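Following: one structure in structure tokens, then a few remarks.
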Amino acid sequence: MNNRRRLSMFISLIVFIVSLSLVAAALFTDYWSESRPINKKFNSVNNYVHLGLFKGSRQLDWGLGPRYKPFSVYQELHDRVGFVSKVPWVFILFFLAFGILWNAVGAIVSLLNTVAKETDTVAGPKGIYLWSILAAVSYASALITFLIQYVTTIQTNVLLSEHISSGFSTENRTRLSFSFYFVTAALILLLIPCLLVYGTSSSKRSRIGRFVGNSRCTQRQIVTSKEKCIQNGTDVNTYRRIVVLYVFYISCFHFIDSFSARCNFSWNGPSPLTYPFLPLHIGEKVTVACSCDEWSYGSSLDNGNRFGIFPNNAVMSFNESVPSISNEAIEIVEELTDILKEWWHTVKNTYYHQARMECQDEVLVYMEDIMVMRKKILSGNVPIEELREMRSELARKIDLGNQWLGLDMLIRDDMGRKMDSDSTSVVQIYRAHVDAAIFISLVQKPNDSPGVTAFSLLVHALSATVDSKAECEFTLSLYDTSEKKFISESFVFYWSFSTGNLTNRNSKVLFNDLGSKEYPSSSSSVEAHRLLLCIRVARIAPIEQTSSTLKKHVDPGPPQLWPRQPYAAAVLDLSNVIGDSHGATEHIISLNRDDSLEQLIARANTARTTFGRAQLMISTEVLLGSLTQIKKMHPQIFSSNPPLELRKLSFADVISADDIRNDLYVTLLQGDLHGGKGSDKNIEVRITVVDTNGIVENSIVMITADGIRWTTTYQSLVFYHDDKPKWNEAIKVQIPENIDQNIHLRITFHHKKTFDKAKQEKGPFALAFARIMEGATLIKDGLHELLVYKIETGRFDDNDTSYTRLPATREELKASQAQLRPQTTTFVYGEKNFLTIETVTCSTTLTHNKSLLDILRWKQNRSNLKERLEEISRPKFLAVGEELVKFIPNFCDALFEILDHYPDYDSLVFDDLVTLVQLVKEERYKNFRPVLDKYVENFHSTVAFLKLLPVLRERIENAEDTHERSLNTMKSLGTLIKLIVRSKLCSDRLGMASNNFQFLIDELLEAFVVFMQNKRVRMTCQNMALKHIPAIIPHLTYYDVYNSDDLTNFLVRLMDHLGENISSRCRLNFLKDVVQTEHFIQEENRKKLLPKIIEKVVEELETSGSVHLQDVVCDQIKMDECISASADIMFYIIERLFCSTDAVHGQGSEEELYLIVWKSFRTIVQTTIVLINAKYSASVFCALTIAMLSKLSAQMYKLYLDSHATRIDKHDLLMELVHLFRDLINKSPFPCSWFQMILLQDRY
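If you use mature numbering (1 follows the signal peptide of the UniProt record, and there is no 0), the sequence shown corresponds to residues -25 to -1, 1 to 1219, in order.
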């Protein structure tokens, strides 16, 4: 390129820069037009209106001096109050933007052609024509569009309607200003580069230009061309600049494909190549200049100065077919991409200033997790349900990471999506910020594990090594050291001597129903409450002879007659397994043959590990959550070869209403059977279930690795030569359903000897029994010392149940006070012998509570009915509440039947209903709340309301004498009124109309009003009543069962007659609950309730000291409660009346909005000022002030200002507003991360 052409390129560069500067100056100045308004009503001077594309300013004299006010063109377009049309304004900006783009491209091309050789393409001097003309056409289009707007509207008027109504006018007083002429000058200047290029044009083509003209080339061609350029005297740096120009040119016209990095790529080692490697980050966009084999050369679109080589498999073409993913997944991926870029940029900048930042490792781990999740979502294999759960988890990590990095807080809706502040109300935005702050504070310490309410233990027996020549039986169960008993069912699997392995490799078991008691929350709780996995090994073999000679010739007999004999035992402390639960953990447990299981449990803290050939290898894994949650979170465990599920020997901490069980767990503890021959000490216990018809088949359940096995008889371990054995074996008995007869456990004792064909077994030598069901009452839980009856050899008959007439336990024997020893012709009582068992019943259809059973069967137990009803309502009965919740429908039916037949028992029935409602409200029985709700929904009594309403009124009137009963009644108020209303509706459906209902409800509501003023009633009872009174409003308005106007009048009277005992917090919470009801939304009701509620809120704010906080020393807790509750009430009113999108209910009127402003605005402003200066938490009232200002129009503000009669009042109001704005700017109550709230604060 000759010097003349190079000079023309340099001048063109200067012209492009000057033109670009002129357009930029025109964009950011507000002098496109200038007007001089006049006022027809009075003389005013110094008026002007300056208009720009984005902003403007007005100075108008209203008679008291000129007032200057800037304005935003966009805001006036958005509010539709301005004079500029939206469509022309958008087109002006559109054309100017494209003009600036082409202008910038022309400047870049001029710069490159100044320092490098020219090319014969649009990237060379010929391109100057194209970019200049495109930029000039764009600028000309913008000017023409503005002139059209100027002629049609701007020349006539640039004022708002309120200015015109006040007499101002700009007609024929507007002219174009210098910003318009800046663009005109830029348009003219753009013709100069075309003329310069034309004057210095040349047809010569360079070799490098021909190379760049290729749209596709290989890496070898580039290297070859580079060598040729060096041979021809072209500098290497110039060649690289040409490659830059080539890539820029191709990317502008999409002649080259765009790609996205599918993974991270970096190269830190030595490279034999001339070109550098291009590091890539996942999601980064790149362009490819050329490709060769498995490598490509290109640049990053995010940073155009970065060029280099990268592997082809590290990028993915935008046109490449990708798995189809949902819009929700795309939205999540885009958010994750933005978050990763922002975090990485912040981490790099922070690391640049300091070597290490707080929570650096945690942030980097979170970034890795987010990238893994992003890749998983992009695979398209994530189900919708899992995607939503993943979104919640990602939201938690993003919020916590932003907190650590000091970035802006993101607000989200209930689904985890980011909220749009432009389409969301101030109240919703503030609440979202509060919820996000609370959520972040809860997870601020990731290492703190929350309380575990439910978990399960998965145990997998992998292998066993046993030094035995017989088959062995392994039994696993859980033992609680604090309760000193086994707490789980037993799991059985077998080891085969012939193979030396477990007979079933899928020996997996899941111990369910474990709760907070079994989960260690601290090191102290680990020591006090330990869980042990007990392993008992039994050898299944015949009894051995003592003589060595007989051992060689003895016949072992059939295997089904071989007894189970203790072989070894072991204990595994699960404290560390549960406390440090991180996946599956393998354990190799040595089996102890020297000590019994009881001895190992007794010294579990100090037990030393014994090493030997007998070992068991298992794996354990703790799975948090309920069984339903575990199956949802770990489906792979239950997909193939699922584990056997074992229950606790009791109900779980939280009982499920769908949990149907009818199990009796009998633990065979120990016995004393001495008195026989020395050879008769090998004792085997056999247990069967017997009813009046004989032995119940398949009633005993055994859970083995091969599945659930049902047997008729359970055979215990046989302790060699021990007549005082300690078995500690748990047996699960399935109680028959729909049982209508007595059943009992028959426990027989047998001697086990060496098998002898000539001497068959002669039957049991003793017997004991326990009554499971007697007269529809189950056996009580706990220890039972059973009597042992001797049986003469060979005289026992399986069908003989005459022993049931004898006492079964030591307790029954003492109660009988019999003088003679109990016996029959077959069974003789052994005074020195006994058997101890422990029983636990887990039944959802049967009960062993006598009081509850007598009420359920009240027709057969009329004589003691009153005493039973009184027992149910006593506080101690709540301790056995799990018995009552199982029979909610039956129990309620029985109570209302009693209510119909015994008028004198109305009060007792009422108290029992209250007891039931209180019981269901406990956390443990929360799953039974739907059961009670369903019963109430289908309630069918027609006279219950006539019985219950007088008793309820009596409880309220006599509250000072019956405090505890009245307090529980107030807690159950909502359910009781719902029952009463359902009873009234049932009566109406059957045509049994009664006028007493309206009268009874009136009396009840009047009793509430008097009750709230009674100073002799305890404050707790009144506060509790006020808390639950709003719960009756939806029920009384249901199907118009009670007059709506009367209910409104009652609420107004109640607000006016609240006594001094009522705390401010309870008053305000009562108002908040009333505002949240549908009754309040109805327009007729709102006319009376809204003024009263606003009045009471303002009164509470003023009397609590919030307005005069600087003069009065207030209780900070009381102050915080009052502030929070007051703001919540106003939030609910504004949100429900003026921000609701529900078209069913009418929106609040302008009159109602003015009523709110007129009654509360000044008090809210004063409270906000005082809170900010008193260093209280003022964010809630600042948000409330912003919410009210957002609803306040100019006309309403003027009307409100005019409502102040004197000039001093107006001056005070204006000074308070100025004071508020100053404090909001200087002392913002919102944390710096609440970016959107601060933005709203600045807007309003």
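Note that CB positions come from ideal geometry on N, CA and C, so glycine has one too. As the structure is a computational prediction, the values presented were derived from the model and not from experiment.
* To do: Please classify Leu170: is it buried, with 16 or more other beta-carbons within 10 angstroms of its beta-carbon, or exposed?
  => Locating residue 170 in the sequence shown gives position 195, where the first residue counts as 1. Classification of Leu170: exposed, given that the 10 Å Cβ count is below 16.
* Output the distance between the C-alpha atoms of Gly391 and Thr1160, rounded to the nearest integer angstrom. => Here residue 391 is taken as the residue at index 416 of the sequence shown, counted from 1. Here residue 1160 is taken as the residue at index 1185 of the sequence shown, counted from 1. Taking the straight line joining both Cα atoms gives about 28 Å.
* To do: Check the DSSP bridge columns for Ser594 and list the partner residues they point to.
  => To locate residue 594, count along the sequence shown from 1; it is residue 619. Beta-bridge pairing links Ser594 to His435 and Glu561.
* Which residue from Arg899, Phe914 and Val895 puts its Cα closest to that of Pro905? -> If you number the sequence shown from 1, residue 905 lands on position 930. The shortest Cα separation from Pro905 among Arg899, Phe914 and Val895 belongs to Val895.
* From what residue to what residue does the beta strand (DSSP E) around Trp470 run? -> Start at 1 with the first residue of the sequence shown, and residue 470 comes out as number 495. Phe466 to Trp470 is the extent of the beta strand (DSSP E) around Trp470.
* Helix, strand or coil for Ser354 per DSSP? -> Looking up residue 354 in the sequence shown gives position 379. Of the three classes helix, strand and coil, the one that applies to Ser354 here is coil, per DSSP.
* To do: Thinking Ala1158 and Tyr405 are a contact (beta carbons under 8 Å), I'd like their distance in whole angstroms, please.
  => The residue you call residue 1158 lines up with position 1183 of the sequence shown. The residue you call residue 405 lines up with position 430 of the sequence shown. Their Cβ separation, rounded to whole angstroms, is 4 Å, which keeps Ala1158 and Tyr405 in contact under 8 Å.
* Leaving out five residues on either side along the sequence, give the residues of the same chain with a beta carbon under 7 Å from the beta carbon of Leu1112. => As a first step, residue 1112 must be located in the sequence shown, where it is residue number 1137. Only Gln1122, Gly1123 and Glu1127 meet the Cβ criterion.
* To do: Taking the CB atoms as reference points, tell me whether Leu1167 and Val1132 lie closer together than 8 Å.
  => Position 1192 of the sequence shown, counted from the start, is the residue given in the question as residue 1167. Position 1157 of the sequence shown, counted from the start, is the residue given in the question as residue 1132. Closer than 8 Å, so yes.
* Asked: Nearest-angstrom Cα distance between Asp442 and Thr686?
  -> Here residue 442 refers to the residue found at position 467 of the sequence shown. Here residue 686 refers to the residue found at position 711 of the sequence shown. Roughly 30 Å between the two C-alpha positions.
* Asked: Hey, Thr1138 and Glu1077 are a contact pair by Cβ (cut 8 Å); roughly how many whole angstroms apart?
  -> On the sequence shown, position 1163 is the one that residue 1138 refers to. On the sequence shown, position 1102 is the one that residue 1077 refers to. Right, the Cβ-Cβ distance comes to about 7 Å (below 8 Å), so this counts as a contact.
* Asked: Are there 16 or more other CB atoms within 10 angstroms of the CB of Gly966, so buried, or fewer, so exposed?
  -> As a working mapping, residue 966 is identified with position 991 in the sequence shown. Exposed is the call here.
* Asked: Which runs of the beta strand (DSSP E) fall wholly inside the segment 989 to 1042 and span at least 3 residues, in chain order?
  -> none
* Rounded to a whole number of angstroms, what is the C-alpha to C-alpha distance between Ala91 and Phe252? -> For this step, residue 91 is matched to residue 116 along the sequence shown. For this step, residue 252 is matched to residue 277 along the sequence shown. Cα-Cα distance, rounded: 25 Å.
* Check whether the Cβ atoms of Ala445 and Ile515 sit closer than 8 Å, and answer yes or no. => Here residue 445 refers to the residue found at position 470 of the sequence shown. Here residue 515 refers to the residue found at position 540 of the sequence shown. A contact, by the Cβ cut-off of 8 Å.
* Taking the beta strand (DSSP E) that Cys817 falls in, what are its first and last residues? -> Sequence index remark: in the sequence shown, residue 817 carries index 842 (1-based). Phe802 to Ser818 is the extent of the beta strand (DSSP E) around Cys817.
* Asked: If you compare alpha carbons, which of Ser941, Arg964 and Ser962 is closest to Phe986?
  -> Position 1011 of the sequence shown, counting from 1, holds the residue named residue 986. Ranking Ser941, Arg964 and Ser962 by Cα distance to Phe986 puts Ser941 first.
* To do: Give the secondary structure of Ser398 by DSSP, where H, G and I count as helix, E and B as strand, and everything else as coil.
  => For the purposes of this step, residue 398 is identified with residue 423 of the sequence shown, where counting begins at 1. Residue state, collapsed to three classes: helix.
* Asked: Leaving out five residues before and five after Arg684 in sequence, what residues of the same chain have Cβ atoms less than 7 Å from its Cβ?
  -> For this step, residue 684 is matched to residue 709 along the sequence shown. Excluding sequence neighbours, Arg684 sits near Met677.
* Can you check whether the CB of Val889 is closer than 8 Å to the CB of residue 1221? -> The question about residue 1221 has no answer here: the residues shown for the chain are numbered -25 through 1219.
* Asked: Going by C-alpha distance, which of Tyr640, Gly490 and Gly532 is nearest Val597?
  -> The residue labelled residue 597 in the question sits at position 622 within the sequence shown. Distances from the alpha-carbon of Val597 to those of Tyr640, Gly490 and Gly532 put Gly490 closest.
* Indicate whether the contact test is met: 3 or more Cβ pairs, each with one atom in the segment 69 to 83 and one in the segment 139 to 147, closer than 8 Å. => Between the segment 69 to 83 and the segment 139 to 147, the count of Cβ pairs shorter than 8 Å is below three; the stretches do not touch.
* Asked: Can the beta-carbon of Leu507 be found less than 8 Å from the beta-carbon of Thr456?
  -> Along the sequence shown, one-based indexing puts residue 507 at 532. Along the sequence shown, one-based indexing puts residue 456 at 481. Yes, Cβ-Cβ distance for Leu507 and Thr456 is below 8 Å.
* **Limits of the beta strand (DSSP E) - the one that Ala543 falls within** => The sequence position of residue 543 within the sequence shown is 568, counting from 1. Unbroken beta strand (DSSP E) run through Ala543: Arg539 to Asp548.
* To do: Quick one: using the 10 Å Cβ neighbour count with 16 as the cut-off for buried, is Ser136 buried or exposed?
  => Against the sequence shown, residue 136 aligns to sequence position 161. By the neighbour-count rule (16 or more Cβ atoms within 10 Å), Ser136 is not buried but exposed.
* **Cβ neighbours of Leu1199 in the same chain (closer than 7 Å, five flanking residues each side left out)** => Sequence index remark: in the sequence shown, residue 1199 carries index 1224 (1-based). Counting only Cβ-Cβ distances below 7 Å, and skipping sequence neighbours, we find Cys1157 and Gln1216.
* With a threshold of 16 other CB atoms inside 10 Å of the CB of Ala790, please say whether the residue is buried or exposed. => Here residue 790 corresponds to residue number 815 of the sequence shown, with the count starting at 1. Label assigned to Ala790: exposed.
* Asked: Taking buried to mean at least 16 other C-beta atoms within 10 Å of its own C-beta, is Val347 buried or exposed?
  -> To locate residue 347, count along the sequence shown from 1; it is residue 372. Flag for Val347 reads exposed.
* To do: Could you spell out where the alpha helix (DSSP H) holding Glu897 opens and where it closes?
  => In the sequence shown, counting from the first residue as 1, residue 897 sits at position 922. Per DSSP, Glu897 belongs to no alpha helix (DSSP H) and is neither H nor E.
* Asked: Going by DSSP, what residues sit across from Lys765 in a beta bridge?
  -> Position 790 of the sequence shown, counting from 1, holds the residue named residue 765. Lys765 is bridged to Ala741 and Val803.
* Contact set for Pro797: own chain, Cβ-Cβ below 6 Å, skip 5 residues either direction -> Locating residue 797 in the sequence shown gives position 822, counting from the first residue. So the qualifying residues of the chain are Leu781, Pro782 and Tyr804.
* Using CA coordinates, which residue listed in Ala934, Ile563 and Leu954 is at the minimum distance from Phe920? -> Sequence index remark: in the sequence shown, residue 920 carries index 945 (1-based). When only C-alpha atoms are compared, the closest one is Leu954.
* Which whole runs of the alpha helix (DSSP H) in the segment 829 to 864 are 4 residues long or more, in chain order? -> 840 to 848 and 856 to 860
* Supposed contact pair Ile1069 and Ser1135 - C-beta distance, whole angstroms, cut 8 Å -> Within the sequence shown, the letter at position 1160 stands for residue 1135. Within the sequence shown, the letter at position 1094 stands for residue 1069. Here Ser1135 really is in contact with Ile1069; their C-beta atoms are around 6 Å apart, less than 8 Å.
* Endpoints, beta strand (DSSP E) assigned at Leu485 -> Indexing the sequence shown from 1 puts residue 485 at position 510. Looking at the DSSP string, the run of the beta strand (DSSP E) that includes Leu485 is Ser482 to Gly490.
* Asked: Okay, do the segment 398 to 415 and the segment 455 to 471 touch, 3+ Cβ pairs below 8 Å being the bar?
  -> no
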